[in-house]
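Residue numbers (the numbering used here): 235 to 830.
In what follows, a single structure is set out as structure tokens and then discussed.
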């Protein structure tokens, strides 16, 4: 399949499956599903009668003044989001969440203040490409776990999850102890876990992963989106159409981008030409590795995903589990905690290796997350003997190898640098995941600064040019206060010149020059990008990380700053909770609709 992306002119004449779409969405998880719903002609409106009781006085006053007969997509999203605060850096995501889950972060339980209308003439022709069933990575997770977020926050536009669960959910058979109704497999012979049996009402507010996965798959059908989805496909590459490029197939004449892929079952290749490409493929395509000696070898007993570890444990007969060598679990996050719980509940000894207690445990109340609090307490108290649990804090792996049928893992203390070697049955390295951005690594033959500035100066002809430049400049780096400190609106020539000149955003004698973060984004040097996302993040010198270095996008259109014409949403841009994903979809759909 590699030739498919390397020699398009040769394959375009031989591949029979060639089509054209206005928009191609790569990824069929919650991000792709939400965007598809909007592009299908479904527009959100706020309910003026409900807005009167909105807890955010600023947003309430703003919406009361505006015309409620117009969709959110027809209003100025920049003005609507001004002054809003929330648990994401993407302002439109905060806006949509404020209307979908009013007062959520304040503990206020209010119904959604949004309603939806369908317009056939607003429909934008698109296709959603996914590796598996609609729902994406949710189908690969352990179905017995519970979500971190409340079940209501797993909802997609116009279908409340809790209401769906009561009305539509099929009778799923979960592989858990029904008497406990807990997210973990709890067995009577483990007294240390018995307290988890008294499941609280607070824990029940967290949805089972199996239910969430089924909800997303069912959502596509209930919202009549099936015709837009092409599941079980692999996208090989995307590339930009060259200027004056000629095609043998007339379907590709209006294409700006070419997407290559194939169907997983038949292995038949396809080509889709499109005007816009949207990256909605989430942040869990590739597992993180430690990079220690022996890790690059193919070892069947080395696991990087929780479901793979659990399936291996399940294949061991019950009588043999008590005789198993210990399972080594590496990591300090919630996935590692899930693995610890699964092994202990199966009666298997655990050696837990971690550098320090991760911040992911902080802020998880005992009443809502008893299982994680239990692991957190064991990690903090290594001197106490816990059944089936041996912690090795402030440690890391040194070497992994097989020798004479033994699975040997060497652990090194970060303090003393002393090493210990353990003979284990399995070693699970659960240190997070990252997105696969290999599709973008060949899209870096451009100079981003010129294209971005030219787009900026044509965004809204009715605005003062200095204000337009200032607005777009803030999008580049919201944390950078340099412009407000150095310049004033009155000195508009300095502002414009600072955006366009090679020496861009800093004056010569500016005391804030060293702390300004915008210079790295605005430069005329061509970026060297790779599959890790170096060149695409908010810090382009580092790989893309969904938590710490998301893809740099225009905050109000979600267009990649470094690849104009390509858009991204969801975890790729830092919206790591489902409740915020629809806001990114709104930004993109609004942009496309207003261009139509």
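Here a beta-carbon is modelled for each residue, glycine too, at the ideal position from N, C-alpha and C.
Alpha helix (DSSP H) segment containing residue i, residue limits
i	result
residue 454	443-456
residue 780	Neither: residue 780 is in no alpha helix (DSSP H) and is coded neither H nor E.
residue 578	568-579
residue 398	395-401
residue 818	812-829
residue 555	552-555
residue 330	325-334
residue 614	604-614
residue 547	540-548
residue 340	First-last for residue 340: undefined, no H or E at that position.
Beta-carbon spacing of residue i, residue j below 8 angstroms
i	j	result
residue 350	residue 278	yes
residue 512	residue 358	no
residue 401	residue 677	no
residue 398	residue 812	no
residue 654	residue 630	no
residue 786	residue 795	yes
residue 271	residue 391	yes
residue 311	residue 329	yes
residue 623	residue 578	yes
residue 265	residue 819	yes
residue 673	residue 518	no
residue 541	residue 374	yes
residue 528	residue 555	no
Inter-residue spacing [alpha-carbon to alpha-carbon] between residue i and residue j
i	j	result
residue 638	residue 335	58 angstroms
residue 273	residue 362	11 angstroms
residue 532	residue 269	38 angstroms
residue 553	residue 464	45 angstroms
residue 675	residue 490	17 angstroms
residue 807	residue 546	34 angstroms
residue 433	residue 506	50 angstroms
residue 479	residue 263	33 angstroms
residue 592	residue 566	5 angstroms
residue 284	residue 347	6 angstroms
residue 830	residue 613	55 angstroms
residue 420	residue 597	Here the model assigns residue 420 a pLDDT of 33, short of 50, so the residue's position is not dependable and the matter cannot be decided.
residue 408	residue 663	A caution first: residue 408 carries a pLDDT of 44, below 50, which makes its placement in the model unreliable, though a value can still be read off. About 26 angstroms.
residue 319	residue 339	11 angstroms
residue 497	residue 652	51 angstroms
residue 679	residue 481	Residue confidence for residue 679 is low, a pLDDT of 48 falling below 50, so the modelled location carries little weight; the figure read from the coordinates is stated next. So the alpha carbons of these two residues sit roughly 22 angstroms apart.
residue 805	residue 822	15 angstroms
residue 548	residue 793	45 angstroms
residue 297	residue 384	27 angstroms
residue 499	residue 522	28 angstroms
residue 780	residue 773	12 angstroms
residue 295	residue 372	38 angstroms
residue 304	residue 486	35 angstroms
Whole-Å CB distance - residue i paired with residue j, under 8 angstroms assumed
i	j	result
residue 584	residue 550	About 15 angstroms; that fails the 8 angstroms criterion.
residue 469	residue 495	4 angstroms
residue 249	residue 503	5 angstroms
residue 526	residue 633	6 angstroms
residue 559	residue 437	The pair is not a contact, with the Cβ atoms about 33 angstroms apart (cut-off 8 angstroms).
residue 252	residue 483	5 angstroms
Closest Cα partner of residue i within the set the options
i	options	result
residue 395	488, 440, 297	440
residue 536	360, 518, 563, 557	563
residue 595	605, 783, 522	605
residue 800	382, 776, 540, 671	671
residue 827	297, 354, 294	354
residue 369	452, 310, 296	452
residue 524	290, 574, 666, 590	666
residue 625	597, 640, 571	571
residue 809	790, 798, 824, 784	784
residue 459	822, 509, 573, 360	360
residue 520	777, 823, 788, 798	777
residue 366	515, 488, 483	515
residue 831	825, 817, 371	In the structure as shown, the chain starts at 235 and stops at 830, and residue 831 therefore has no counterpart that could be examined.
residue 627	587, 642, 379, 307	587
residue 337	306, 291, 314, 379	291
residue 288	345, 617, 615, 276	345
For residue i, the first and last residue of its enclosing beta strand (DSSP E)
i	result
residue 472	467-474
residue 654	653-657
residue 371	Careful: residue 371 lies outside any beta strand (DSSP E) and carries neither H nor E.
residue 276	276-280
residue 299	First-last for residue 299: 291-299, but that is the alpha helix (DSSP H), not the beta strand (DSSP E).
residue 627	623-627
residue 273	No beta strand (DSSP E) contains residue 273, which is instead part of the alpha helix (DSSP H) from 264-273.
residue 503	503-513
beta-carbon residue i near the ligand COA non-hydrogen atom, thresh 7 angstroms
i	result
residue 775	Of the ligands one can find in the structure shown there are none, so the ligand COA has no counterpart to examine.
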